[in-house]
Structures are given as C-alpha cells and as structure tokens.
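First up is the structure itself, then whatever we jot down about it.
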Amino acid sequence: MNDLLAARSQMAMSLAFHIIFAAIGIAMPLLMVAAEGLYLRTREEVYLTLAKRWAKGTAILFAVGAVSGTVLSFELGLLWPQFMSYAGAIIGMPFSLEGFAFFTEAIFLGIYLYGWQKISPRAHLLAGLMVALSGVLSGVFVVIANAWMNSPAGFELLDGQPVNVDPIAAMLNPMALSQTLHMTIAAYAATGFAVAGIHAFQLRRDRANLFHRRALAIALVIGGAAALMQPLSGDLSARAVARLQPVKLAALEAHFKTEARAPLSIGGIPDEERGETLYAIKIPGGLSLLAFHDIDARVRGLEEFPRDEWPNTFIVHAAFQLMVGMGTLMACIALWGAISWWRTRRLPEGRWFLRAVVVAAPMGMLAIEAGWTVTEVGRQPWIIQGVMRTAAALTPMRGLVVPFVTFTLLYIFLAAMVVWLLFRQVAASPRLPPDEQRRETKMEDKSVVG
Amino acid sequence: MSAELLAAGAMIVALTFYALLGGADYGGGVWDLFAAGERASKQRALIADAIGPVWEANHVWLILVVVILFTGFPPAFAGIATALHIPLTLMLIGVVLRGAAFTFRTYDVQRDDAQRRWSYVFSVASIFTPILLGLTLGAIASGAIKIENGQVAGGFVRSWLAPFPLAVGCFALALFAFLAAVYLTLETNDTALQDDFRKRALAAGVVVGGLALLVFLLSGAGAPSVRAGLTRSVWAWPLHAATALCAVGAFWSLWRRAYRWARWCAAGQVALILWGWALAQFPYIVEPDITIHSAAAPHATLRLLVVALGLGALLLFPSFYYLFRIFKSK
Ligand code: HDD
Ligand code: HEM
Ligand code: HEM
Numbered sequence: 523m524n525d526l527l528a529a530r531s532q533m534a535m536s537l538a539f540h541i542i543f544a545a546i547g548i549a550m551p552l553l554m555v556a557a558e559g560l561y562l563r564t565r566e567e568v569y570l571t572l573a574k575r576w577a578k579g580t581a582i583l584f585a586v587g588a589v590s591g592t593v594l595s596f597e598l599g600l601l602w603p604q605f606m607s608y609a610g611a612i613i614g615m616p617f618s619l620e621g622f623a624f625f626t627e628a629i630f631l632g633i634y635l636y637g638w639q640k641i642s643p644r645a646h647l648l649a650g651l652m653v654a655l656s657g658v659l660s661g662v663f664v665v666i667a668n669a670w671m672n673s674p675a676g677f678e679l680l681d682g683q684p685v686n687v688d689p690i691a692a693m694l695n696p697m698a699l700s701q702t703l704h705m706t707i708a709a710y711a712a713t714g715f716a717v718a719g720i721h722a723f724q725l726r727r728d729r730a731n732l733f734h735r736r737a738l739a740i741a742l743v744i745g746g747a748a749a750l751m752q753p754l755s756g757d758l759s760a761r762a763v764a765r766l767q768p769v770k771l772a773a774l775e776a777h778f779k780t781e782a783r784a785p786l787s788i789g790g791i792p793d794e795e796r797g798e799t800l801y802a803i804k805i806p807g808g809l810s811l812l813a814f815h816d817i818d819a820r821v822r823g824l825e826e827f828p829r830d831e832w833p834n835t836f837i838v839h840a841a842f843q844l845m846v847g848m849g850t851l852m853a854c855i856a857l858w859g860a861i862s863w864w865r866t867r868r869l870p871e872g873r874w875f876l877r878a879v880v881v882a883a884p885m886g887m888l889a890i891e892a893g894w895t896v897t898e899v900g901r902q903p904w905i906i907q908g909v910m911r912t913a914a915a916l917t918p919m920r921g922l923v924v925p926f927v928t929f930t931l932l933y934i935f936l937a938a939m940v941v942w943l944l945f946r947q948v949a950a951s952p953r954l955p956p957d958e959q960r961r962e963t964k965m966e967d968k969s970v971v972g
Numbered sequence: 063m064s065a066e067l068l069a070a071g072a073m074i075v076a077l078t079f080y081a082l083l084g085g086a087d088y089g090g091g092v093w094d095l096f097a098a099g100e101r102a103s104k105q106r107a108l109i110a111d112a113i114g115p116v117w118e119a120n121h122v123w124l125i126l127v128v129v130i131l132f133t134g135f136p137p138a139f140a141g142i143a144t145a146l147h148i149p150l151t152l153m154l155i156g157v158v159l160r161g162a163a164f165t166f167r168t169y170d171v172q173r174d175d176a177q178r179r180w181s182y183v184f185s186v187a188s189i190f191t192p193i194l195l196g197l198t199l200g201a202i203a204s205g206a207i208k209i210e211n212g213q214v215a216g217g218f219v220r221s222w223l224a225p226f227p228l229a230v231g232c233f234a235l236a237l238f239a240f241l242a243a244v245y246l247t248l249e250t251n252d253t254a255l256q257d258d259f260r261k262r263a264l265a266a267g268v269v270v271g272g273l274a275l276l277v278f279l280l281s282g283a284g285a286p287s288v289r290a291g292l293t294r295s296v297w298a299w300p301l302h303a304a305t306a307l308c309a310v311g312a313f314w315s316l317w318r319r320a321y322r323w324a325r326w327c328a329a330g331q332v333a334l335i336l337w338g339w340a341l342a343q344f345p346y347i348v349e350p351d352i353t354i355h356s357a358a359a360p361h362a363t364l365r366l367l368v369v370a371l372g373l374g375a376l377l378l379f380p381s382f383y384y385l386f387r388i389f390k391s392k
C-alpha cells in the first residue's frame, strides 16, 4: 500500500467512523428532548424513563464522537499538511465557529446528563434544547468546510497561491446550502430509523410494552418526516453537483457520452475502458430531467474530461445507487406509516410494518456512508476541486500504513465495545408494573375513541 | 495590538484553560491508578464524580487551540503536524482510549469485571497522554524542528526523542497530577478523603519541584533560546518570583488545609509556567523558523477570527460559569 493510499484510507476510515456518532449526536438530543417535553406535558412516567434511557445511550455515543472528532482535527494536519497550510486561512473560520458549537454542546450535555436532580425541570429541558441546537450547528459548520472543498470560493489565485482571501465568501460557497441541508436531514432520518428499528424489534416480542410503544412513536415521527424530505433535498444536491462538479455527476450516474435527453442508468456496471455502462436499466431522458429539471437538457459525459480527472466510476456509481435506493425505501416506509396513522389515528403496529421498520434500521446510516463516498471519492483526484490535487497535499511522513492499521484496529475495537454496551442497555428493557401497564393501554384506547 | 498577536494570545489562553481544566481531568486518572488504602473505592468514586460532568467540555479547549492554530497560523500547524507526526498520533490514541474508557466505565449498566478493566485503561491512558502532550510542547520549544521552504528538514524522530522534551512530558504529567489532587480536596466534605488528596497533592508538589529543576537544567542544551529568554529577559525574574510565590503559597495552604487558597495558588503556578514558556519563546511559534508574523494568515481571516473568538467568549464563559456552579459548588 503506498503512502497516498494509506493516508486516504485512514482519512476515509476515520470519517466513516466519526460520522455515525456525529449523526447520532445531531439527532438524538431532539429525541430526548421530545420525550422529556412530553413528560412535562402529560406527566406520564414512561416518557421520563424514556428520556433518561436515551440520554444514557447518547452519553456513550457522544463520548466516542468527541474523541474520534479530536482525532480528525489533528489528522487534517497529520495527513494533509499542505492542504491545511493552503486552505487553513480560507476555511478555518467554520472550524473555529464549530469549536464554539462543541463547547455549548459539551457543556449543556454535561448539565443534561448529570443535572436531573440539580436544576428545575424547565431549565433541564432548556439544556437539552441547547444540546440539540448546538449539535446541528456543529454539523453544519464542518459540512460547510467540506462544501468549500467541492466548490471553492472566497479567494483568488495568483501564481497558484490564494490571495484576496474572504472567509465569509468562502463559507457562503455555492454547495454550502445543499450539503448542510442534506446532511442535517440525513442525521434525523438515519438516527430516527435506527432508534425506531430497535424499539420495533423489542415491541415484536413484547407487544404491550408501553415504553417501546412511546419510543417507537417519537422515533418514527422524527425519522419519518426527515425521510420524506430527504429525496427533495437530494434533488437540490444533485442539481448543485450537475452545475458545479460535472465530472462527479457523470461519474455518479455512470454517464459516459455527452448527450441531450440523457437517460438515467439504474444499476449497471460502468466499464471505463469501453466507455459505457453495461447491464443498466435505462430510463430515457431521466438524467436530464433529474439533473436540470428539463428532459431535453444536454448532460456532459465523462468523455469530455481528461482521463486523469475521472474519479473511480465504479465506486461512485455503486455508492450513489445504494444511497438513493435506501432513501427511496425509507421514504416508502415513512409514507406507509403516515397513511396507516392517518387512517387509524394510532401507532402503526401491524406485524408487517414493524418487520419493515426493523429491516430499515441500518438503512439511514448506510445511506450516509454511501453519500459521503459519493461526495469524497467523486471529488478525486482533487482535494480542493480544480485547485489542489490530493497527492499534492500529502505529508512527507512515510510509513503511513502503520497509523492507518493502528487506528483501524482501535476503531474496530471501540465499535465492538459500543455495540456490546448498547446491547447490555437495550437488553435491560424496562417494564412497567402490570397494573399501570394495563391502565395506560386502556387510557390510550380511550383517547383513540374520543 | 495587531490581530495576529491577539489570536496568538487567545491560543495561549485556550492552552492555559486546557491545562488547568483538561489537565486536571488527566490528573484524576493518575490518582485513579494510585487509589490505595481503605478508602480506595471512595477515592475512585470521588474522582469519577468530579470528572464526569465536565471532562468533555474541558476537552474542547484542546480543539480550540488546534483550530486557532490552523486558522490563524496555517504554516505553523502544517509544520508541527508534519514534524511531530509520531508523538501526536500516539497522543491521539491516548485521547481516544482515555475518553472512551471513562465513559464506558461510567455508563455500563452492570458492575463487574469489565468495569475494572475500563478503569485500568482509563488511568493508564491518563498517564500516557499528558506525557506526550508535554513532549510535543517541549519539542516545539527545543529549536530542533527545522523548516526549510515549508518543508521539514531533520527527520521525524530526532526533534522529540531527546532528554529535554521527555523531561517536559514528565513535568506536564506531574503538574496535572498536582492540580488534580489539589482540586479534589474541594470536591468532598469528607475530611478523611480530603486528607488523602492533601497528602497526594503535597507529594506531587515535591515531584513538580524536582522536575522543574530538571527541565531547567536540561534546557541549557535542550532548548537554548527558551533558556535565554527565561534567564535574561527583563520580565524573567519577576515571573520566576511570582511562580515561586504561587508554589510556596500552594504548599503553605495545603499544609494549613486552606484548600480554596491552595486551588488558586496551584492554578496560578501552572498558568505562570505556561506563560513563562510562551513569553520566552515569543515571537516564535516554532523555534527557530516560524514566527507569529511569518505564519500569520491574511489580515481578513485574522480579524474575523479575533471577532469570532471575542463573541464566542461572551457565549462561552457564562455557559461554563453555569456548568461549574451546578456541579462544583460544594
Ligand atoms: C439518510 C441518509 C441519506 C439519504 C436517504 C439520501 N442521502 Fe444523499 N447524501 C447523504 C445522505 C443521504 C449524505 C451522507 O449526507 C451526503 C454526503 C455529502 C452530503 O452533503 O450529504 C449525500 C450526498 C448526496 C449527493 C452528492 C452531493 C455532493 O457530492 O456534494 C447527491 C447528489 C445526493 N446525496 C442525492 C440524494 C438523492 C437524490 C436521494 C434520494 C433519495 C438521497 N441523496 C438520499
Ligand atoms: C474533517 C471533518 C471533521 C472534523 C475535523 C471534526 C471534528 C470534530 C471534533 C473535534 C469533535 C469533538 C467535539 C467535542 O469534544 O465535543 C467532533 C464532534 C462532532 N462532530 Fe465532527 N468533525 C468532522 C466531521 C464531521 C461531520 C461531517 C459531521 C456531521 C455532519 C460532524 C458533526 C459532529 C458532531 C455533531 C459532533 C458532536 C459530538 C457527537 O455528537 O458525537 N463532524 N467533530
Ligand atoms: C463525515 C463524513 C465523511 C465521510 C464518511 C468522508 C469520507 C471520505 C472518504 C471516503 C475519503 C477518501 C476519498 C478517496 O481518497 O477516494 C475522504 C477523504 C477526505 N475527506 Fe472526507 N468524508 C466526510 C466528511 C468530510 C468533511 C466534513 C471534511 C472536511 C471538512 C472532509 C475532508 C476530507 C479530506 C481532507 C480528505 C482527504 C483528501 C481527499 O481524499 O480528497 N471529509 N473522506
């Protein structure tokens, strides 16, 4: 493995690990706060238990997110010093702002987790809201930095060096809006579905358990709403890519020949040598319609770009299909749940529905990983689109395969531990005393009738 | 004052907070390992309660140092991260293991063997990480990192695998353990526990003194220009006097069981040591090739950075005050 490949793999592995915890860190506080808010309104103990249980899980995941994020901040310099030296002044700003978002997030999370007995219920809820808000902001700021790598702005080039740096313009780069929107919604969708899946699984074995019913309801509302929005926001992303990174669009659609009324390839294996995509289902005009909202639009194919500027079309195309496939399935399940709720006015809990929710549990996280693969691999060979090549950013340090293997092993170990700990948490599923359980279920039925 | 000086000052302030708050969290891990006697489990519980609500917030100071460095002084960040790739990577492993092990131990639902294993990982990582942090700072101060035309000359090992950086690493560990022991006397009303940590603080204080002397002696060969700054500048002797005053004050108040005073003196001592180093090295970020001015980002960036840091501080300090008022007013 050469050093460039080792460095890229280490970066990819660290980010792929971190993003799971980051997505949960963005969305989970909202779920906790929703449960706690419902407790304050209804005074049903089960909501309080739920908020506390979720908080415990979040604490574990948050800590892993914080330490893996610290690793990332250093890795930017450890692996890509030339990139940071070049871009730090232009794009350091969102990272600095992110620093303050981390502070508020960590401070109020500390208060939230350890302060149940120490502050008033209202102040406690407010602390939770602060965590939810700063979690979103942390994500938004760092994705802005990433969007800048895709559509650099806010500086001019003079002999290859950046001059007239304008950090604000860099933050308001053309991809910033679509990417931050898409990522934030993705965090809610993925976390909501993951949580819903866990509780649906428990509910299938323990039908009347009120704890899991309430949990499922909250997770489905948040995750489902996000899943319904995600295709719309993805459309915004796709059109931004079509405009600003035509090579990436061509690669993710496995589109080789420039043509008007370009077809959409579903599935298929791009063959870079022959310049065509084999075994795909082609929908005439589909790509033109999606990328430019015009069925006759001309879409540039890979053939228009120098061969050494193509990203790996196979990976990018496959990852894109995976994301869109997951997104479509999740949106369908959300729609199914919504229709069922609308017709019966109660928690959809049909056997098949619960089964679908269980199966969908990992889909959001998979889509997030796939989506980032599209974004990052699709940008290659550039680290800053059109400005700096990834190879030029690499540290002169040799033997990078050693840290890559070390961190990989470390993260595999951590991941195994996290799964094991969460399993122990979930296994200790709370049961209300049978009395209360019966009364609560009855009350629920009454409210359904009334 | 120019924006780059303000940004550099903010970086040292953030580093100071990291040492005073985050450092003490590492020190807590040290005392977890050395918990002994009939109250060993009580000592451990006290440490865990003291660290639990605050360590993640305290840890963010380190992130702030890094982001100010790469936003305000990008070539300095690139140079440090390149030359010190190995110790920084090792330090990160320590950061990951410390945080993860602490949390896993706290939140595991069942109390069994697993807990003890996490405890062990947590405390060993708490010893390992500060040594590497100190070592990194020692290497930066030593003048052994040579940057020529933006490239690091002189290898990836020699600058940090030397007596001076290693001594600074041990010194950092001793300081953090000292801080933690002093702070912990204020975390409980149980006088027996207080006494346990008082003894530890006094012992750690002696070690700090010894290592300070060692670092100073080694600096003659190991970091000549910092040594020159620390002995020959006009501010040097007042600074040494103030540091010594804090150190004596800390001992005296520990002896008299005036723990509140001891806390301020110990914190003052650590802060003054850091500022002494920063002043001795001024205007260099990395001796002898990178200065605050040569590494400074364009003016637009620095101005914005300083404004953001100022506004951020307005948000941050009240929040921190609230956090500490809830958990640290015993
Ligand atoms: C729950 C996760 C999830 C789901 C269901 C979807 N996406 Fe996505 N997508 C992401 C999670 C994601 C992501 C991981 O968050 C990415 C990576 C970078 C980014 O900004 O968002 C992303 C990137 C991304 C990009 C590339 C943007 C770039 O390179 O800058 C496009 C074109 C789409 N998405 C389009 C879609 C479409 C048309 C979807 C229709 C269903 C869709 N996504 C569902
Ligand atoms: C190069 C990329 C990244 C860097 C350098 C980075 C850096 C960090 C750091 C330093 C932390 C720790 C903060 C603390 O101590 O509390 C962190 C946590 C976090 N990061 Fe990242 N991050 C990156 C990518 C991302 C992405 C893509 C997202 C999401 C969209 C994200 C969202 C978060 C969130 C929400 C947290 C809070 C902690 C948690 O909930 O787990 N980060 N990140
Ligand atoms: C958290 C979600 C993310 C994931 C899963 C992710 C994934 C990846 C992958 C797969 C690569 C390797 C690409 C290749 O070499 O083919 C990569 C590279 C990289 N990513 Fe990301 N990325 C994420 C977010 C970010 C963010 C937010 C930033 C910066 C602000 C960032 C900065 C980088 C850099 C600097 C590289 C190395 C240079 C390059 O390959 O272009 N990434 N990432």
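As given, the protein sequences belong to chains A and B, one line each in that order. Just so you know, we're using the numbering used here here: the first sequence kicks off at 523 and counts up by one. Just so you know, we're using the numbering used here here: the second sequence kicks off at 63 and counts up by one. Note that the Cβ used here is the ideal one computed from N, Cα and C, for glycine as well. In this text the structure is predicted, and so the values were computed from the model without any measurement.
- When C-beta distances to chain A are compared with 9 Å, every residue of the stretch 289-316 of chain B stays at or above that value.
- As summarised for the stretch 863-945 of chain A, the continuous beta strand (DSSP E) elements at least 3 residues long and confined to that stretch are 904-906, given in chain order.
- If you draw a straight line from the Cα of A/Q701 to the Cα of A/L811, it is about 21 Å long.
- Residue pairing by DSSP places A/A782 opposite A/R820 in a beta bridge.
- Across the structure, B/V75 and B/L307 are spaced so that their CA atoms are roughly 21 Å apart.
- Across the structure, A/F715 and A/V880 are spaced so that their CA atoms are roughly 9 Å apart.
- Per the C-alpha coordinates, the member of A/W670, A/V665 and A/L635 positioned closest to A/L651 is A/L635.
- Under the three-state reduction of DSSP output, B/I209 falls in the strand class.
- Sixteen is the threshold: since fewer than 16 other Cβ atoms of the shown chains lie within 10 Å of the Cβ of B/K390, the residue is exposed.
- Nearest Cα to B/F278 within the set B/W326, B/Y346, B/C232 and B/T363: B/C232.
- Identification of chain B residues near A/V586 by a Cβ-Cβ cut-off of 7 Å yields A162, ordered along the chain.
- Between the C-alpha atoms of B/F386 and B/A242 there is a straight-line separation of about 16 Å.
- No Cβ-Cβ contact shorter than 8 Å links B/G141 with B/A359.
- The residues A772, P792, G797, E798, T799, G823, L824 and E825, in chain order, have a CB closer than 8 Å to that of A/F778 in the same chain once the five nearest residues on each side in sequence are set aside.
- Look at A/V593 here: in three-state DSSP terms it is helix.
- The beta carbon of B/V214 falls within 8 Å of a beta carbon belonging to chain A, placing the residue at that interface.
- According to the DSSP secondary-structure assignment, A/D793 is paired through a beta bridge with A/E798.
- Bounds of the alpha helix (DSSP H) holding B/V75 are A65 to F79.
- Within the stretch 685-698 of chain A, those residues whose Cβ lies closer than 9 Å to any Cβ of chain B are, in chain order, V685, N686, V687, D688, P689 and I690.
- Contact annotation, A/A623 with A/F663: C-beta distance approximately 6 Å; criterion of less than 8 Å satisfied.
- Between B/G91 and B/S204, the beta carbon gap of about 27 Å keeps them out of contact (Cβ cut-off 8 Å).
- Here the stretch 290-307 of chain B lies against the stretch 339-349 of chain B, with 3 or more beta-carbon pairs under 8 Å apart.
- In the three-state reduction of the DSSP assignment, A/K804 falls in the strand class, which pools E and B.
- Using a CB distance cut-off of 8 Å, A/G632 counts as an interface residue toward chain B.
- Spanning the alpha carbons of A/A878 and B/G85 requires a straight line of approximately 48 Å.
- Secondary structure remark: continuous alpha helix (DSSP H) runs of at least 4 residues inside the stretch 630-698 of chain A, in chain order: 643-672 and 689-693.
- Ranked by Cα distance from A/V687, the first of B/A65, B/G71, B/L364 and B/Y169 is B/L364.
- In the structure shown, B/S103 adopts helical secondary structure according to DSSP, grouped into three states.
- Three or more beta-carbon pairs separated by less than 8 Å are not found between the stretch 931-943 of chain A and the stretch 556-571 of chain A, which leaves the two stretches without contact.
- DSSP links B/V348 through a beta bridge to B/I352.
- Listed in chain order, the non-local C-beta contacts of B/L336 below 8 Å within the same chain comprise I74, L77, T78 and A81, local neighbours out to five positions each way being set aside.
- DSSP, read as helix, strand or coil, puts B/A215 in strand.
- Taken through DSSP and simplified to helix, strand or coil, B/S295 comes out as coil.
- Interface with chain B (8 Å Cβ-Cβ cutoff): A/K578 is included.
- B/Y383 counts as exposed, since fewer than 16 other C-beta atoms from the protein chains shown sit within 10 angstroms of its C-beta.
- Distance between A/P696 and A/A760, taken at the CA atoms: about 13 Å.
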